[in-house]
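Novice: The following block contains the structure, expressed as structure tokens.
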Amino acid sequence: MDCAVPNSGMGLVWDGTQFVTLGGSDTDESDSEQPLGEAEQVVAILNAKASTPPPLPVLAKHTRATAAAVLTCLNAIPYTKRTIAQDHALAHEVRAYTIADWVDQQLEYRRTERTIRVAFCFALNPSRSNTWIAKKAKGNLQSAGVAKGMALHLRCHPFTRAEVLHGRDLLPYYCKHREARNLARAHLRQRAPHNTDTLDAAVVLIGFHSVVRHFGAHRYRVRVA
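Following the working numbering, the numbering of the sequence shown begins with 46 at its first residue and continues without gaps.
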């Protein structure tokens, strides 16, 4: 899987009406966690069996090793000593290729946009307290255990910090797209109940034209054989 992304947290995306700049790093704020430097990230990866798994990496070349280290750290915890969040992270398949895929997976599990937003904040600031996260993400503490588990699950994927920042900023658009796609599928199914191939093709086209896309993402790059 090619996970190469720009190191910068900034990018232009189409929001349906215009290009907007999203993904500004919250590390510009003095009260947010700073990412590790390259050498520190390597040390955190190598110390995978420590009680604290490595945070999201800045560089794309560290994504796979970081994700594997987080998973190794979780699996090293005895079953009887796991927290609710750790159990949640290990109970769900790691199958998302992009942040958008991961968000879609959470929406399949009927997680709310608010809970997903809190999970993003936990993933970006793993050392912060529940109270700090709730204030930062404008959420509440009622779903903190689930959101922490979602954040750990997210960190088991090979994503950079910049990708997660983009996903956090684009979350409302992902949710809006999924709702529009489901409505389109239901409408088309009523009109063409016996032609599933046509229905699937139509839904794909609707999704492509309605979803917010970051054209710098690896899936839009031309690959040379």
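Cβ atoms here follow ideal geometry from the backbone N, Cα and C, with glycine treated the same way.
1) Would you kindly check if the distance between the Cβ of residue 196 and the Cβ of residue 145 is under 9 Å?
2) Residue 177 to residue 141, Cα distance in whole Å?
3) From residue 80 to residue 128, what distance separates their C-alpha atoms?
4) Taking a contact to mean a Cβ-Cβ separation below 9 Å, would you say residue 101 touches residue 192 in this structure?
5) Going by DSSP, what residue range makes up the alpha helix (DSSP H) through residue 176?
6) Quick one: is residue 170 buried, meaning 16 or more other Cβ sit within 10 Å of its Cβ, or exposed?
7) Could you give the distance in angstroms between the alpha-carbon of residue 84 and the alpha-carbon of residue 90?
8) Measuring CA to CA, which of 223, 209 and 198 is closest to residue 114?
9) Locate the alpha helix (DSSP H) running through residue 109, then write down its first and last residues.
10) What separation, rounded to the nearest whole angstrom, lies between the Cα atoms of residue 264 and residue 216?
11) Starting from residue 94 and walking both ways along the alpha helix (DSSP H), at which residues does that stretch end?
12) Taking all protein chains shown into account, do 16 or more other C-beta atoms lie within 10 angstroms of the C-beta of residue 208, making it buried, or fewer, making it exposed?
13) Pop quiz: residue 152 and residue 206 are said to be a contact at Cβ under 8 Å. What is the actual Cβ separation, rounded to whole angstroms?
14) What does the alpha-carbon distance come out to for the pair residue 97 and residue 158?
15) CB residue 111 to CB residue 173, shorter than 9 Å?
16) For the alpha helix (DSSP H) that residue 105 lies in, which residues bound it at each end?
17) For residue 152, does the three-state DSSP call read helix, strand or coil?
Specialist: Checking against the coordinates, here is how it stands:
1) Not in contact: residue 145 and residue 196 (Cβ atoms no closer than 9 Å).
2) Going by C-alpha positions, residue 177 is about 28 Å away from residue 141.
3) C-alpha separation (whole angstroms): 25 Å.
4) No.
5) From DSSP, the alpha helix (DSSP H) with residue 176 extends over 175–182.
6) Buried is the call here.
7) One C-alpha to the other measures close to 10 Å.
8) With distances taken between Cα atoms, residue 114 lies closest to 198.
9) Segment 108–120, the alpha helix (DSSP H) holding residue 109.
10) The predicted position of residue 264 is uncertain, since its pLDDT is 46 and thus under 50; no value can be drawn from it.
11) Premise fails: residue 94 is in no alpha helix (DSSP H) and is neither H nor E.
12) Taking all protein chains in view, the Cβ of residue 208 is crowded by 16 or more other Cβ atoms within 10 Å, so the residue is classified as buried.
13) Actually they are not in contact, since the Cβ atoms of residue 152 and residue 206 sit about 23 Å apart, beyond 8 Å.
14) Their backbone Cα atoms lie some 27 Å apart in a straight line.
15) No, Cβ-Cβ distance for residue 111 and residue 173 is not below 9 Å.
16) Looking at the DSSP string, residue 105 is not in any alpha helix (DSSP H), and its letter there is neither H nor E.
17) Helix, per DSSP.
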